[in-house]
Structures are given as C-alpha cells and as structure tokens.
Amino acid sequence: MSSLAKLVVAGTTENALLQGLSWLELRRNGHDPVWLKAFRHAAFQRVLERGFPTAKDEAWKYTQVGRILDVAFEPAEASASPRLSSAAIDQLAGDLGGARLVFVNGYFSPQCSSLMTLPQGVKVESLASALAEEGGSLEAFLARPFGEQTHAFTALNAACAEDGAFIQIPANTVIEEPIHLVFLSDQGTALLAGPPAGPVVSHPRSLVLAGPGSRVTIVETYAGILDEVYFTNAVTEIVLEEGAAVEHYKVQNETETAFHIALLDVRQERDSQFTTHSVALGSLLARHEVTVKLNGSGATTTLNGLYMPQNEQHLDNPTTIDHVAPECTSRELYKGVVDGRGRGVFDGRVIVRPGAMNTDSSQTNKNLLLSESARANTRPQLEIFADDVKCAHGAAVGQINEEAVFYLRSRGIPQLAARDLLTYAFVGEMLELIRVEPLRSHVEKLVALRLPTRGVGVAA
Amino acid sequence: MMLKIRNLCASVGGKEILRGVNLDVRAGEVHAIMGPNGSGKSTLAQVLAGRETYDVTGEVLYEGRNLLAMPPEQRAVEGVFLAFQYPVEIPGVGNLYFLRTALNMVRQQRGLEELDAMDFLALAKERMKLVEMDQSFMNRSVNAGFSGGETKRNEILQMAVLEPKLAILDETDSGLDIDALRIVASGVNALRSKERALVVITHYQRLLNYIVPDRVHVMANGRIVRSGDKHLALELEKNGYADFEQDTAGGAFRAAGATS
C-alpha cells in the first residue's frame with residue numbers, strides 16, 4: 000500500500016472527501032520524481048495535521064465547508080478525447096482572440112486548445128509538460144504557497160495537483176493578446192466518452208512567471224457544463240519580477256451545483272504592476288481567495304471583484320494585501336449584488352509591515368441586497384505596523400434606491416426593468432474596469448442574464 | 000376633459016395632506032397652482048404621477064379613465080409627465096440611454112417604431128436646443144453631479160422628448176437664477192399646444208411672468224381654496240397667503256392649536 004493511501008486509512012476516515020482520495024496515489028504510483036513525491040507527501044501530511052477549516056477558523060468564519068466534505072468525490076482522470084468544439088468553448092468562456100489553453104477536469108486538452116505563435120522564449124504549456132521538462136527547477140515555486148497559514152484545501156491541491164497552466168514570460172517581453180485559461184468540469188455525460196462517473200474533484204494548479212519588465216494579460220475561466228455536483232480546488236500562483244506588469248482576470252461561472260475553492264497567490268517585486276478582476280457568478284459554494292505580497296518597493300497592486308450570489312449561492316471573497324516593502328500602492332474595489340437567499344462575503348485584510356513606509360492603500364466594498372432574504376457580510380481589516388502611511392477603507396450594504404425606481408417608472412420604464420437598470424448601473428462600474436473588450440462583452444452578457452428581466456432593457 | 004379631480008384625499012402615516020382637492024383641466028390650458036409651503040402642492044403632483052407612499056382616496060379621471068388605478072409607468076406611457084422638484088441622481092445610468100429607453104416605452108404604447116441610437120441622438124440634439132443644453136449632458140449619468148439649474152433643464156428636456164399630453168411642473172422655478180428661469184420658461188412655452196395641458200406648481204408669481212397661465216388656483220391646507228385668472232397670481236404676490244391659511248384651516252387643524 001502506498002504511503003498516501005496508508006495515511007488516509009490510518010489517519011482519517013473523518014470525511015468522504017479524503018476517503019475518496021485514498022486510491023489517488025496508487026494510481027499515480029511511480030509517475031512522479033522523488034522530490035515531487037516527497038513534496039506531495041508533506042502536503043498531504045499538512046492536510047491531515049491541520050484538518051479542514053471549521054467555523055472556529057477566523058478566516059473561514061462565514062464559509063462552512065461541511066457540504067463539500069460530505070461528498071465522496073473521486074479524483075478526475077485525464078480524458079483522451081473531450082467532445083467539445085471550439086464554438087462550444089467560445090459560448091462557455093468567450094473568444095478572446097489569443098492563445099487558449101483548455102483543461103477538462105483539471106487536465107490539459109491539446110485538441111480543445113489553440114496555441115498561437117508567441118514571442119521567442121515564451122512558454123505557454125501545461126504544468127504536466129513543464130514538470131516533465133523542467134523537473135526540480137519548479138520545486139521552489141510549487142512549494143511556495145505553503146506558509147504557516149496554508150489551509151487544508153491549498154495543501155490538498157499541492158498533494159493532488161497534476162496539471163494546470165505553466166506560463167513563463169522572459170524579461171522585457173510583451174504579449175499583447177490575452178492568454179486564456181479555460182477550466183471545464185464534466186463527469187462524462189457531456190464532454191467525455193464513456194459512462195458517467197460519480198462526483199469528481201479536480202485540483203488545477205497554474206503558475207505564471209513574469210520576467211523583469213515583461214507584460215502579459217492572463218484570463219482564467221472556470222465553467223461547468225451540466226448541473227452536476229463537482230468540486231474545483233484550484234491554486235494559481237503569479238510571480239512578477241522587477242518592473243513586470245500582469246493583468247489578471249478570473250471568471251468563476253461554475254454551475255450552481257458545484258463547489259469551488261481557489262487561491263490566487265501573487266508575489267510582486269520592485270516597481271511591478273499587478274491588477275486582478277474577479278467575477279464570481281457560479282457555484283453553490285465558492286471561496287476565491289486572493290493573497291498579494293508586495294515585496295519590492297514601488298510596486299502597485301489593484302484588486303477588483305464582483306460577486307453576484309442568487310438562489311442558494313454562497314460566494315466568499317477573502318483577500319490579503321501584504322505591504323512588506325515601502326512605497327507600494329494598493330487599490331481594492333469589490334462589489335456584491337445579492338439576490339434570493341444568496342450570501343456574499345467580502346473579507347479584506349490589508350497588512351502594513353514595519354518599515355513599509357509611505358504605503359498608500361485604499362479598500363472599498365459595496366453590497367446591494369436585492370431581496371429580503373439576501374445576506375452580505377463585509378469585513379475590512381487594516382493592520383498597520385508602520386508610520387507615515389495613507390490607508391483608507393470603507394464598506395457599505397444597501398438596497399435599491401426606491402426614489403430612483405419611482406423616477407424611472409415615472410418616465411415609463413416598468414418596475415422590474417427599472418430595478419434591473421439600477422442593479423446594472425451598480426455593477427457597470429466593475430464591468431467598465433475590464434479592459435479586454437471581448438471578455439467585457441462576454442461578462443456583460445453573463446451578468447445581464449442573471450437579472451430578473453434577463454437583461455431586457457439594460458443592454459446599451 | 001383631460002383631467003378631472005374629485006375630492007382627492009391623500010395621507011401618509013395617518014397624516015392628512017390632501018383633504019379633498021377638486022380640479023378640472025382641459026387640453027390646451029395652462030393651470031398654475033400656488034400656495035404656501037406645506038399646503039399639499041407637491042403631494043398633489045406626486046399622487047398624480049403615481050407615488051405609492053400615500054394612502055389615496057377620491058377620484059382622478061385622465062381622459063375619462065381611472066388614473067389612480069394605473070401604475071406610474073402606465074401613466075407615463077399614456078402621456079402624464081411630472082417634472083420633479085428634486086430629481087434623483089442615478090449614477091451609472093447614462094442620460095442618453097435612459098431617455099431613449101423612456102421614449103421607446105412611450106413610442107411602443109403609441110404604436111410607433113422604436114428609435115435606434117442614431118435617430119434618437121438626432122432628436123435629442125434638436126430638443127436640447129430648447130433648453131440650451133450642452134451635448135455633453137447626454138454622456139453623463141442621470142442628474143449625477145448636476146447643478147440645480149441643470150437638473151431642472153434636464154427635466155424640461157425629458158418633457159420635450161417624451162411629448163406628454165399632461166405635464167405637471169413641480170416648482171420647476173425653485174433654485175433657478177433669472178437666466179436659468181428664462182431658459183426653462185421658454186422651453187416650456189415652446190411646448191405649449193392645443194393638445195397639451197400644463198399644470199405649473201409654484202410658490203412664487205415670478206415664473207408666471209414667463210409662463211402665463213389660463214387659470215390660477217390657490218392651495219392651502221390640502222384644498223384648492225380659490226381659483227381665478229392670471230390676476231389672482233398678482234394679488235397673491237401683493238397680499239401673501241396668510242389670509243387663505245386662516246380662512247381655510249380645518250376644524251381638526253384649529254383644535255390642534257395651530258394659529259398660522
């Protein structure tokens with residue numbers, strides 16, 4: 000019996016999720032190099048030691064994961080031939096015009112992907128191939144998100160991840176077209192040949208290394224195809240060297256039966272510029288965490304987020320911006336629109352370390368509740384250990400302005416359309432921040448379709 | 000008769016504001032409703048536009064139909080327009096898009112084709128001249144960051160675009176300097192026609208130098224207490240409202256010890 004399986008059998012039967020993973024290492028037996036095996040082993044130990052977060056974990060206060068742990072997810076397998084046309088992917092994720100890497104259940108699908116000719120030295124490939132080629136040189140990167148704070152889901156990703164995207168941009172190289180990473184989930188009934196499997200879990204792991212002075216735009220889309228129960232446990236890591244500029248987007252549009260736990264971990268060196276836009280629309284329960292470490296002076300980071308839970312959805316958006324170096328700037332704007340019995344959570348920490356002088360930070364969270372039973376939790380947290388800093392934060396939870404509804408109605412716009420127009424106006428600010436035009440129009444459509452009139456009367 | 004109001008009463012939270020208003024307005028007429036603050040003028044305007052925060056009794060017939068039974072959006076597409084005293088700011092909704100959507104709702108009701116963005120822009124440009132508005136207004140959010148004068152001009156622009164049959168102007172003159180007042184008034188005058196009725200609510204006689212009314216009504220304590228021609232406005236300017244308030248305060252009002 001493999002060590003991992005032994006661990007599982009010996010250490011826990013605490014939940015179905017871990018039980019379902021017990022045969023994972025048996026299958027993979029012998030594939031991994033020694034360092035990776037040891038690394039996975041350590042990561043799995045971490046899962047067992049820490050256990051999964053409970054309500055007592057401050058960082059998971061609003062998000063209970065019991066519903067995930069109760070499902071006997073099976074690890075996804077790489078599929079030989081997903082049945083998915085390019086047009087179908089356009090429909091699901093938008094056509095952004097650049098290179099597109101498609102992953103099915105976390106595994107790279109060459110036949111669904113389209114790789115453009117890219118500048119000399121640029122690597123855009125699957126993590127599995129990168130591991131095969133680069134081997135141990137990736138160890139330091141892969142191991143990095145494992146600090147003291149690492150929770151069980153991140154550790155589980157490390158223990159189990161086999162594939163994802165690997166992007167490396169050499170120094171001073173500029174890539175104009177966005178690189179689109181599409182993660183699709185399916186249990187076999189829609190995409191894959193063969194009989195349907197049980198609920199699957201995938202652990203995509205992506206790594207973006209932006210060399211000094213390089214510039215690139217990365218778009219991650221997560222989507223499901225049928226209303227199946229599945230679980231995406233993703234980790235994406237982005238490293239910006241000195242003067243690099245990375246614009247990152249994430250569209251989480253899983254089906255409303257799915258679970259989605261993700262970490263975007265960013266490290267910035269001197270004078271680098273990072274922007275991320277998170278759009279959270281799908282999943283029954285999702286938690287998209289962003290952690291940014293500003294390690295080099297003069298770095299700028301911008302975190303934008305839009306989350307729109309409805310029905311029974313629970314969408315959690317924890318962020319941590321860690322000002323380690325002086326003279327850095329951070330800007331954060333998250334907006335939530337909560338309908339039905341949905342719940343939106345924003346939990347934003349800004350840490351200013353001793354010595355991070357002249358930090359300039361601002362954080363804003365605004366929530367719009369559309370129904371009586373909608374809920375929003377907002378928790379902005381500033382932890383300042385340096386003098387001479389400029390930090391501002393604000394949070395608001397409100398409802399549609401009925402004065403404005405009456406004004407619009409008095410001009411002939413029906414009540415539902417008026418409410419949608421005002422909701423769309425609230426969201427519009429976030430949509431305008433999306434600079435990749437085809438992505439913006441794709442997201443605009445997705446957002447409009449979620450409004451009660453399905454966007455009739457709000458499309459400009 | 001375009002508008003026939005009979006014994007209209009409105010209260011909010013048990014407090015009576017309108018206490019039996021009667022008024023007849025014919026197509027082509029301009030009526031001015033004057034009165035002191037708190038007399039119910041603005042409430043009358045809001046009730047006619049369909050504000051749902053009031054408990055309303057009585058009868059309002061608009062072109063012979065029960066206006067009170069219609070939701071606000073239906074009143075609008077049927078041709079009722081209220082120029083608000085305090086238009087609300089709507090950040091994020093573009094003026095151009097808002098006004099085109101509104102116009103197309105009205106056109107739909109009238110059996111006309113919807114206007115596309117280009118045709119609408121041409122129409123809007125032409126109507127903006129009436130109120131001397133700059134085209135840049137169209138690209139701004141509805142009333143967001145507008146000055147007092149700009150919001151009032153924007154209201155009249157909306158009226159010019161939507162071409163209502165019955166327009167109610169609620170203190171459109173308040174907060175305007177003399178130049179802005181002249182612009183707004185000439186915009187309104189340009190919209191006077193045989194088919195259109197105007198109800199102009201104002202505290203001061205000043206506006207009526209520019210928009211000359213056919214009938215003037217004095218409102219006090221929730222009722223119309225006196226009606227006359229345009230000379231009544233001048234009389235009010237000279238003598239103020241105090242006489243009317245004393246004459247007409249209801250029994251309940253007196254019993255509560257009010258002495259105004």
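So the sequence lines, in the order shown, correspond to chains A and B. Residue 0 is where the first sequence starts when you use numbering that gives the first Met the number 0, and the numbers rise one by one after that. Residue 0 is where the second sequence starts when you use numbering that gives the first Met the number 0, and the numbers rise one by one after that. Idealized CB from N, CA, C, for every residue including glycine.
Three-state secondary structure assigned by DSSP to R181/B = Residue state, collapsed to three classes: helix.
Residue-level contact to chain B via CB, E48/A, 8 Å cutoff | Any Cβ of chain B closer than 8 Å to the Cβ of E48/A would place that residue at the interface, and such an atom is absent.
Does the beta carbon of L92/B sit closer than 8 Å to a beta carbon anywhere in chain A?
-> Reading the sequence as shown, one finds Val at residue 92/B and not Leu. Yes, because at least one Cβ of chain A sits closer than 8 Å to the Cβ of V92/B.
Enumerate in chain order the residues of its own chain whose CB-to-CB distance from P90/B is below 7 Å, with the five nearest sequence positions on each side excluded.
-> Closer than 7 Å at the Cβ level, and outside the excluded window around P90/B, lie S140 and A143.
Decide if the region 120-131 of chain A is in contact with the region 222-236 of chain A; the criterion is three or more beta carbon pairs, one per stretch, under 8 Å apart.
-> With the rule of 3 Cβ pairs closer than 8 Å, the region 120-131 of chain A does not count as touching the region 222-236 of chain A.
Nearest CA to the CA of C327/A: which residue from V265/A, D185/A and V351/A?
-> The shortest C-alpha separation from C327/A is found at V351/A.
Proximity test, E236/B beta-carbon vs the ligand ATP heavy atom, cut-off 7 Å | Judged by which ligands are present, the structure shown has none, so any question about the ligand ATP falls away.
Taking only beta-carbon positions, decide if S409/A is within less than 8 Å of chain C.
-> Reference to chain C is not applicable here, since the protein chains of this structure are A and B.
In three-state terms, what does DSSP make of P109/A?
-> In the structure shown, P109/A sits in a helix (DSSP, three-state: H, G or I).
Per DSSP, Y209/B is paired with what?
-> DSSP output for Y209/B lists no bridge partner at all.
Taking 8 Å as the CB-CB limit, is E402/A close to chain B?
-> Interface residue, yes.
With 9 Å as the C-beta to C-beta threshold (strictly closer), list the residues of the region 418-451 of chain A near chain B in chain order.
-> For the region 418-451 of chain A, residues whose beta-carbon sits nearer than 9 Å to a beta-carbon of chain B comprise L420, L421, Y423, A424, F425, V426, G427 and E428.
At least one CB of chain B closer than 8 Å to the CB of Y106/A: is that the case?
-> Judged by the 8 Å Cβ criterion, Y106/A is not in contact with chain B.
Please list, in chain order, all residues of the same chain as L415/A whose beta carbon is under 7 Å from its beta carbon, the five residues on each side excluded.
-> Cβ neighbours of L415/A beyond the five flanking positions: P451 and T452.
8 Å Cβ cutoff, Q157/B in contact with chain A = True, the Cβ-Cβ gap to chain A drops below 8 Å.
Are A31/B and A232/B closer than 8 Å when you measure CB to CB?
-> Yes, these two residues count as a Cβ contact at 8 Å.
Would you kindly work out how many angstroms separate the C-alpha atoms of L47/A and A151/A, rounded to a whole number?
-> Roughly 8 Å separates the two Cα atoms.
Identify the contact partners of Y306/A in chain B, using a Cβ-Cβ distance below 8 Å as the criterion.
-> Around Y306/A, no beta-carbon contact reaches into chain B at under 8 Å, the shortest distance being about 18 Å.
Kindly indicate which three-state DSSP category P71/B falls into: helix, strand or coil?
-> DSSP places P71/B in helix when its eight states are reduced to three.
Cut-off 7 Å between Cβ atoms - residues of its own chain near A385/A, not counting five sequence neighbours on either side | Closer than 7 Å at the Cβ level, and outside the excluded window around A385/A, lie V351, R352, P353, G354, A355, M356 and T358.
Taking C-beta pairs closer than 7 Å, name the residues in chain B that P413/A reaches, listed in chain order.
-> Within chain B, the residues E72 have their CB atoms less than 7 Å from the CB of P413/A, given in chain order.
At least 3 beta-carbon pairs within less than 8 Å: the region 53-60 of chain B vs the region 3-15 of chain B | Touching, yes, given that three or more Cβ pairs across the two stretches are closer than 8 Å.
Whose Cβ in chain A lies nearer than 9 Å to the Cβ of I270/B?
-> Shown here, chain B extends from 0 to 259; a query on residue 270/B therefore has no answer.
Are the beta-carbon atoms belonging to L43/B and L66/B less than 8 Å from one another?
-> Taking 8 Å as the Cβ cut-off, L43/B and L66/B do not qualify as a contacting pair.
Going along the chain, which residues of its own chain have a beta-carbon closer than 6 Å to the beta-carbon of T290/A, five neighbours each way excluded?
-> Within its own chain, the residues whose Cβ lies closer than 6 Å to the Cβ of T290/A, once the five positions on either side in sequence are excluded, are D264 and T319, listed in chain order.
Residue-level contact to chain A via CB, A9/B, 8 Å cutoff = No, because no Cβ of chain A sits closer than 8 Å to the Cβ of A9/B.
Quick check: the region 420-432 of chain A against the region 91-103 of chain B, are there 3 or more CB pairs under 8 Å?
-> Cβ pair count under 8 Å is three or more, so yes.
Name the one or two DSSP bridge partners that T33/B has.
-> Reading the sequence as shown, one finds Met at residue 33/B and not Thr. The partner list for M33/B (beta bridge, DSSP) reads T201/B and V217/B.
Would you call the CB atoms of T172/A and P109/A closer than 8 Å?
-> It is not a contact, given that the beta carbons lie outside the stated cut-off.
Could you tell me the distance, in whole angstroms, from the CA atom of V160/B to the CA atom of M218/B?
-> If I take the Cα positions, the gap works out to 30 Å.
Indicate whether at least one CB of chain A lies closer than 8 Å to the CB of M104/B.
-> By this cut-off, M104/B is an interface position.
So the alpha helix (DSSP H) C159/A belongs to, where does it begin and stop?
-> Boundaries of the alpha helix (DSSP H) harbouring C159/A: A151 to C159, taken from the DSSP string.
Check whether the Cβ of G12/B lies closer than 8 Å to any Cβ atom in chain A.
-> It does not; no Cβ of chain A falls within 8 Å.
Is I155/B helix, strand or coil when you go by DSSP?
-> For I155/B, the secondary structure class from DSSP, reduced to helix, strand or coil, is helix.
Within the chosen definition, does the region 148-158 of chain B reach the region 170-188 of chain B through at least 3 CB pairs nearer than 8 Å?
-> Verdict: yes, contact present.
Identity of the residue in S205/A, G134/A and Q186/A nearest G163/A by Cα | When each option's Cα is compared against that of G163/A, the closest is S205/A.
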